[in-house]
Amino acid sequence: MPQLPVVNVGVIGLGTDWQSRYLPALLKMQQRIRVVSVHDDVATRAEVTADQLQSSFASGVRDLLNQTDVRGWLYLGTHWRTDWLIEQFASRGVAVFVGRDVRTDVDQLRRWHQRADDAGVTVLPELPLRFTPAILRLRELMATDLGPVTSMKVEAASNGKCAAETSAMIQVVDCCCALLRRHLVEVEYASDRNGDIRSVRLAYRSFRQSEPADEPVAVEVTLNGSGNVVPTAIPSLTIELRCRRGVALLCGEQNLRWEAEGHTSVEKLNADRSSAEVMLDLFARRVVGGLVPVPDLADQIQAIEDANRVMQVFRQCSAADGPQ
């Protein structure tokens, strides 16, 4: 297999995940992705980062946007006006990876998606949960030993703060949609509320309207606020799945236990690539013309709308229940 060319990228805004996720990934991937310039609102931080990556420091976003050797941008966090940057990205026709720290509303995302779609340009939003080692391995098993999912239970640790819960829920519903290849059709509050533990039941149906009516896949999602939780890029989850030929249990990003047809396996996937490495690799492949499937802004829009729908049910029913 021929070696893929190195992709030159510029970094706009370092964001909260830079040190823990993206810098380690980029240092490992220097044969695939070369950071040629870095801009951040804190100039000294950008200078230090540029030195680490042996790249140049861009004192302003305009300087970086005007560099002719950049084939893609990693837009990871900035205080610049998002509308202005979206227009700049769209007019230049260069691929963009959009980190979770970038603050956009659904209307902005729709406009950006339309511009990118019209121009045939890749805009890859960060949806890291669907690319964790455990989720990727589960998808392999669903295609082989386990078969399709018939029901799921997802428990997410929660700190009780609305913004953090919504951010986690965006990833949960996106991951459910990607795993099940179905869309959310129903949200129902579970009445067995117990203190800080709250649950909803979701129903997912087939994407294809041409298919005969099928049984919905039931997904129970629980927010567990009984412990101290620090918000992270990937929410702390436990996922139980029943599949046509077996069952599986995922704990965190790297631990998976599954059973099928009398066989039991426990897998610790610590040596597998991180979700950041997987997403950046997919981005680089798209930049050089690869046809690998990747999520786009339509997926992010759908995840935001689904998460808002779920969280509205949580809030309405929690208010109705009152103090416990």
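Numbered according to the working numbering, the sequence shown spans residues 4 to 327.
Even glycine gets a Cβ: it sits at the ideal position worked out from N, Cα and C.
Here the structure is a predicted model, which is why all the values come from computation and not from measurement.
CB-CB under 8 Å to residue i, same chain, minus the five flanking residues each way: which ones, in chain order?
| i | result |
| --- | --- |
| R289 | A98, T125, L127, V295 and V297 |
| V73 | N11, V12, G13, V39, S40, L67 and V97 |
| D275 | P136, L139, R140 and Q257 |
Would residue i and residue j be called neighbours here (beta carbons separated by less than 9 Å)?
| i | j | result |
| --- | --- | --- |
| G255 | L240 | yes |
| I36 | L285 | no |
| L29 | V291 | no |
| V203 | F317 | yes |
| A263 | D148 | yes |
| I307 | S278 | no |
| L132 | F100 | no |
| T225 | A159 | yes |
Within the same chain, show all residues whose beta-carbon is closer than 7 Å to that of residue i, passing over the 5 residues directly before and after it, in chain order.
| i | result |
| --- | --- |
| D217 | R208 and S209 |
| Q303 | L112, P128 and L130 |
| R248 | D148, L149, G150, A263 and E264 |
| I173 | A306, I307 and A310 |
| F134 | S278, V281 and M282 |
Just to confirm the assignment, what range does the beta strand (DSSP E) spanning residue i have?
| i | result |
| --- | --- |
| E243 | L240 to C246 |
| R204 | I200 to S209 |
| S58 | Segment: none, S58 is in no beta strand (DSSP E) and carries neither H nor E. |
| V353 | Residue 353 lies beyond the stretch modelled for the chain, which goes from 4 to 327, so this question has no answer here. |
| P128 | V126 to P128 |
Starting from the C-beta of residue i, find all residues in its chain whose C-beta is less than 6 Å away, skip the five residues before and the five after it, and write them out in chain order.
| i | result |
| --- | --- |
| T107 | T85 |
| Q55 | none |
| K164 | none |
DSSP puts residue i in a beta bridge; with which residues?
| i | result |
| --- | --- |
| M172 | According to DSSP, M172 bridges with nothing at all. |
| N258 | C254 and K271 |
| W76 | G13 and V99 |
| N227 | A160 and I200 |
| H186 | R208 |
| E191 | R204 |
| S154 | A221 and R245 |
| A263 | G249 and H266 |
Going by DSSP, what residue range makes up the alpha helix (DSSP H) through residue i?
| i | result |
| --- | --- |
| S40 | Note, S40: premise wrong, no alpha helix (DSSP H); beta strand (DSSP E) at I36 to H42. |
Between the region 47-65 and the region 92-100, do at least 3 Cβ pairs fall closer than 8 Å?
no
Could you tell me whether the region 107-119 touches the region 144-159, where touching means 3 or more Cβ pairs closer than 8 Å?
no
Should the region 172-190 be regarded as contacting the region 147-164, the criterion being three or more beta carbon pairs within less than 8 Å?
yes
Evaluate contact between the region 186-193 and the region 306-318, counting only Cβ atoms and requiring at least three cross-stretch pairs below 8 Å.
yes
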